[in-house]
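Protein chains: 2
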Amino acid sequence: MYKIAFDVMGSDLGPKIAVQAAIKFLENKKDLIIVFVGDKNQIEAAINETGNVSTTQYEIFPTTEFIDMHGSILDVKRKKDASLVRALELVQTKKVDGMLTGGHSGAFLAGSHFILGELDGIIRPGFMPTFPTMVKDRVTLFLDAGANNDNTPEDLHNYAKLASTYSKTVLGVKNPEIGLLNVGTEKGKGRELQKLTEKLLDEDKHLNFKGNIEAREMLTGTVDIMVTDGFTGNVALKAMEGTSKILLSAIKANVMKSFMAKIGALFMKNVFKEVKTTFDYKEHAGAILIGANGIVFKAHGSNDIQGFVSTLRMTYDAVQNDVLNKMKKEMAIK
Amino acid sequence: MYKIAFDVMGSDLGPKIAVQAAIKFLENKKDLIIVFVGDKNQIEAAINETGNVSTTQYEIFPTTEFIDMHGSILDVKRKKDASLVRALELVQTKKVDGMLTGGHSGAFLAGSHFILGELDGIIRPGFMPTFPTMVKDRVTLFLDAGANNDNTPEDLHNYAKLASTYSKTVLGVKNPEIGLLNVGTEKGKGRELQKLTEKLLDEDKHLNFKGNIEAREMLTGTVDIMVTDGFTGNVALKAMEGTSKILLSAIKANVMKSFMAKIGALFMKNVFKEVKTTFDYKEHAGAILIGANGIVFKAHGSNDIQGFVSTLRMTYDAVQNDVLNKMKKEMAIK
């Protein structure tokens, strides 16, 4: 049996959504126990309301505190019984195989650092979401999506190593192709950071480094892994999210203006559904904190049920494939 | 009469496209003379073929060399008679009021630096394209879109000043709102660069600084001006371009798979046309090099006729509104 701790207090829409997502996910996962971490009464109420889950498939770890979105990173020290802190401790004491939370990003990063620490050789863990791409069944792992403001070339080299192991282990990609996000594809492009990283990746013969890659290739499925620093990664990700949101809503707004277009949209319903499914961020609504000494996922706090189910699936896949130990081995290779 | 030099050799599709675009643009601009800079024979052939232009509306400045896309930035020193070099010289000697080229970006930047130099107080000019936004008739000026790899807080402060003057003068915006591209909207976000820039912008009471802004707001029309460093700007811009291209082509590819959807698309034709017009990069296919001591525009080399017409329009608007002198005055204010 695998065990995953779920900090259900870190949901903007309340713990009920999180519990409902977990129960939905448990439906066809008979080798998994989910440990709900948070307010006992709220969790029990949500379970009773949702029903349809065997008591052998979950546990409740009751906590009395939680860190809300207006909290501070210092709360991980102040609030000993915060659900986020307890969920991380369950990973640290190996009571569970992994955890997820939709809570405060800064507190999550600080908590992971203080409670779990990092894998040998890692100084700055990175957020690694997966992107849908134009290539069927090929997703792109993207990191760092914003755990850090500044990264060194060594950080980015380590990200490539960890993501490569993750891609092989969890996604079953044989020889994952790695790209470095840059302002051009030629050699020697970018800032000092990119120039030095390019050199490190090029020299590491264990990695399948394909060179520099531009941000317009983020969704084309050109590579399996795209590495960048946390500041640039965060900006690129949000530019992408913003653009797809704006474009789809511009189409919608224009459809509403015309009767003919409404009919047309009806005929095109399946097209929009297909495109939405391919590029739906709810299907990619979480990111592993890679480099942390534990399998820990950050989900979007604003997730709906589908979003949390998706992050649960990612956590389960990572746990089931024992990716942490494989990353530890990778980091032990000099 | 206004005069604009057009380096027609800097067009990936050949000078003919550039000449055709110019002739089209001249149709209803009776106060403008375009100086075609490049290979005389090719220019004359293109004019003869296109016809329909008065000889009082254009001049030819014949050159014997040009810098192609595989050229080097050193070519601006080596090739004295390159069309790009000559077009910049025409600006420097005030034979024309402004110029545009679709040619080699690096050579353009180097040429502008050596031939024109910078406005007082400017060290690193920036590329400033304009974005379409969701707000009708509001475009966002975005800079630096990639003229530099590294920028200082002072550079970004100057960008805000120059763009503000541009927005007022050329676009007629009364009190342009300025945002700083960052990884969050709270104060103190980002790297040292963003933190120090935020402080400078906040303290400058001549500027209407609205604070940090995330990349997902690039198309929402939240501000009139968005400043960032050249590396981040280039990545954000390409992420945006890539996403809109991918989404629209995913819709198209899915439409092609179904007869019903094809019918639907027909009914929705006007919707797609409207969205395409709003977000069409061909309508925004060029960028001024702001901070250069002259009105100089870089068009995409891959532009079609419409793309070059759009950049010509931007150049004409800048020239006609005497924006260079207004920026000089702005930079003279301490």
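Taken in sequence, the protein lines are chains A and B.
Converting from the first sequence to this note's numbering requires adding 293 to each position, the first position being numbered 1.
Converting from the second sequence to this note's numbering requires adding 293 to each position, the first position being numbered 1.
Ideal Cβ placement from N, Cα and C applies to all residues, glycine included.
The Cβ atoms of A/Gly399 and A/Ser365 lie closer than 9 Å to each other. Nearest to A/Leu325 by alpha-carbon distance, out of A/Ile336, A/Val312, A/Gln313 and A/Tyr295, is A/Tyr295. A direct Cα-Cα distance of roughly 30 Å separates A/Lys562 from A/Ala580.
The beta carbon of B/Phe424 sits closer than 7 Å to the beta carbons of Val432, Thr433, Phe435, Met511, Leu512 and His577 from its chain, once the five residues preceding and following it are set aside; these are given in chain order. In this structure the region 608-623 of chain A does not touch the region 308-323 of chain B; the number of beta carbon pairs closer than 8 Å is below three. Listed in chain order, the positions of the region 499-515 of chain A with a beta carbon within less than 9 Å of a beta carbon of chain B are Glu507, Ala508, Arg509, Glu510, Met511, Leu512 and Thr513.
At a cut-off of 9 Å between C-beta atoms, B/Glu491 does not count as an interface residue with respect to chain A. In this structure the region 518-528 of chain B lies against the region 441-452 of chain B, because at least three pairs of beta carbons, one per stretch, are closer than 8 Å. Contact between the region 493-505 of chain A and the region 446-458 of chain A is present, with at least three C-beta pairs closer than 8 Å. The secondary-structure analysis by DSSP pairs B/Ala585 across a beta bridge with B/Glu411 and B/Ile583.
Contact note: A/Asn563 reaches chain B through Ser551 and Ala554, using a C-beta cutoff of 7 Å and chain order. Contact check between the region 409-424 of chain B and the region 500-510 of chain B: fewer than three CB pairs, one atom from each, fall below 8 Å, which does not count as touching. Residue-level contact by beta carbon holds for B/Gly535 and chain A, with a gap shorter than 9 Å.
B/Ser405 and B/Met607 have their C-alpha atoms roughly 18 Å apart.
Secondary structure at A/Glu485: helix, using DSSP grouped into helix, strand and coil.
For A/Ser304, same chain residues with a beta-carbon under 6 Å away, outside a window of 5 residues either side, are Ile310, Ala311 and Gly395 in chain order. Using a CB distance below 9 Å, no part of the region 450-472 of chain A faces chain B.
For B/Asn345, the closest Cβ of chain A is not nearer than 9 Å. Assigned with DSSP and collapsed to three states, A/Asn468 falls in coil, not helix or strand. Among the bridge pairs identified by DSSP, B/Leu434 is matched with B/Thr423 and B/Ile518. In the displayed model, B/Pro355 falls within a strand according to three-state DSSP. In this structure, A/Glu352 is the residue among A/Ser347, A/Gly465 and A/Glu352 with its C-alpha nearest to the C-alpha of A/Ile336. In terms of Cα proximity to A/Ser595, the closest of A/Ala375, A/Lys323, A/Met362 and A/Glu320 is A/Met362. The Cβ of A/Asp430 sits no closer than 9 Å to any Cβ of chain B.
Beta-bridge analysis with DSSP links B/Ile327 to B/Ile297 and B/Tyr351. A residue is called buried once 16 or more other Cβ atoms fall within 10 Å of its Cβ, and B/Val369 is buried on that count. Approximately 12 Å separates the beta-carbon atoms of B/Lys591 and B/Phe299; this is outside 8 Å, ruling out the contact.
The continuous beta strand (DSSP E) containing B/Gly391 extends over residues Gly391 to Thr394.
For B/Asp448, not one C-beta of chain A is nearer than 9 Å to its own C-beta.
In this structure, DSSP gives A/Ala380 a helical state, which the three-state scheme calls helix. Under the three-state reduction of DSSP, A/Ala558 is assigned to helix. Taking A/Met427 as the centre and dropping the five residues before and after it, the same chain places the C-beta of Leu512, Thr513 and Gly514 closer than 7 Å to its C-beta, in chain order. Here the alpha carbons of A/Leu530 and A/Ser603 stand approximately 18 Å from one another.
Under DSSP, A/Ile506 forms a beta bridge with A/Leu474. In this structure, B/Glu479 is the residue among B/Leu486, B/Ala375, B/Glu479 and B/Lys566 with its C-alpha nearest to the C-alpha of B/Lys503.
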